[in-house]
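Peer 1: First the structure, which I've put down as structure tokens, then a few questions once you've had a look.
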Amino acid sequence: MDEITMMPDPSGRWLMMCSCGATEIRADSGPAWRDFDLHQEGPNLYRVTCKACGKVTAHHMREGSRGTAATATA
Numbered sequence: 108m109d110e111i112t113m114m115p116d117p118s119g120r121w122l123m124m125c126s127c128g129a130t131e132i133r134a135d136s137g138p139a140w141r142d143f144d145l146h147q148e149g150p151n152l153y154r155v156t157c158k159a160c161g162k163v164t165a166h167h168m169r170e171g172s173r174g175t176a177a178t179a180t181a
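Under the working numbering, the sequence shown has 172 at position 65, and the numbering climbs by one with no breaks.
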């Protein structure tokens, strides 16, 4: 795993995993991620940053699917 993985959790929440070992399941009550920064850059494009190591990944989400991920470039 070279990028940050973002996937739906079986309970309906979202799970993030970074190759550095940082992992978080989005809390139902929380307004934001605690260990990751998530910024929308387009209608279905998100830039995810791991706060632990600084790794950045771009996620393209498609409605009804898990989406795709790629290492983001500056």
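Cβ coordinates follow ideal geometry from the N, Cα and C atoms, glycine included. Keep in mind that this is a model prediction, so the values were computed, not measured.
Work out the CA separation of D116 and P150 for me, nearest whole Å.
Peer 2: Counted from its first residue, the sequence shown places residue 150 at position 43. Counted from its first residue, the sequence shown places residue 116 at position 9. The straight-line gap from Cα to Cα measures roughly 22 angstroms.
Peer 1: Beta-carbon separation of D142 and K158 under 8 angstroms?
Peer 2: Here residue 142 refers to the residue found at position 35 when the sequence shown is read from its first residue. Here residue 158 refers to the residue found at position 51 when the sequence shown is read from its first residue. If you check the CB distance, D142 and K158 come in under 8 angstroms.
Peer 1: Out of S118, C125 and G119, state which residue places its alpha-carbon closest to the alpha-carbon of D144.
Peer 2: Sequence index remark: in the sequence shown, residue 144 carries index 37 (1-based). Of S118, C125 and G119, the residue nearest in Cα terms is C125.
Peer 1: So what does I132 bridge to, in DSSP terms?
Peer 2: Taking the sequence shown and counting its residues from 1, the one referred to as residue 132 is at position 25. According to DSSP, I132 bridges with L122.
Peer 1: Using the three-state DSSP reduction, which class does S172 fall into: helix, strand or coil?
Peer 2: Mapped onto the sequence shown, residue 172 falls at position 65. Low confidence applies here, because S172 scores a pLDDT of 48, under 50, leaving its location unreliable and the question unanswered by this model.
Peer 1: If you follow the beta strand (DSSP E) that P115 is in, where does it begin and where does it stop?
Peer 2: One-based indexing of the sequence shown puts residue 115 at position 8. Under the DSSP assignment, P115 falls in the beta strand (DSSP E) whose first and last residues are T112 to P115.
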